[in-house]
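In what follows, a structure is listed as structure tokens, so that the remarks can point back to it.
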Amino acid sequence: MIYRPHRYDFKLKYFTRDFPAAIVDRVTPLFCIANLEDLAAKQQTAEAFFAEILPQAEAKLYSNTNSQN
12 MIYRPHRYDF
22 KLKYFTRDFP
32 AAIVDRVTPL
42 FCIANLEDLA
52 AKQQTAEAFF
62 AEILPQAEAK
72 LYSNTNSQN
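Counting with this note's numbering, you get residues 12 to 80 for the letters of the sequence shown.
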């Protein structure tokens, strides 16, 4: 929603093209899971990243909502 609001539902099709390289570099290692322990570790990493990014997404959502009113 922050980087490509017009294509939020295209899943990963345009991921490497639409997102900043720093985001791609942080998310790409989470795609491949070796085992359950790796899954648990990557889940924690993904949740921490989500918590970090959520305020930016909310700010963008609310600023778009307010500008349309």
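Think of the CB as a built atom: it goes at the ideal place given N, C-alpha and C, for glycine as much as any other residue.
Write down the C-beta distance between residue i and residue j rounded to the nearest angstrom, noting that I regard them as a contact closer than 8 Å.
i         : j          : result
lysine 53 : leucine 41 : 5 Å
Helix, strand or coil for residue i? Go by DSSP, reduced to three states.
i           : result
leucine 61  : First, the amino acid is wrong: residue 61 is phenylalanine here, not leucine. Three-state DSSP puts phenylalanine 61 in a helix.
leucine 23  : coil
proline 31  : coil
tyrosine 14 : coil
alanine 70  : helix
alanine 45  : coil
In its own chain, which residues sit with a C-beta less than 7 Å from the C-beta of residue i, not counting the 5 before and 5 after it?
i          : result
alanine 57 : Leu41
Just to confirm my understanding: we take residue i, look at its own chain, exclude 5 residues before and 5 after, and list those with CB closer than 8 Å. What are they?
i          : result
proline 31 : Tyr14
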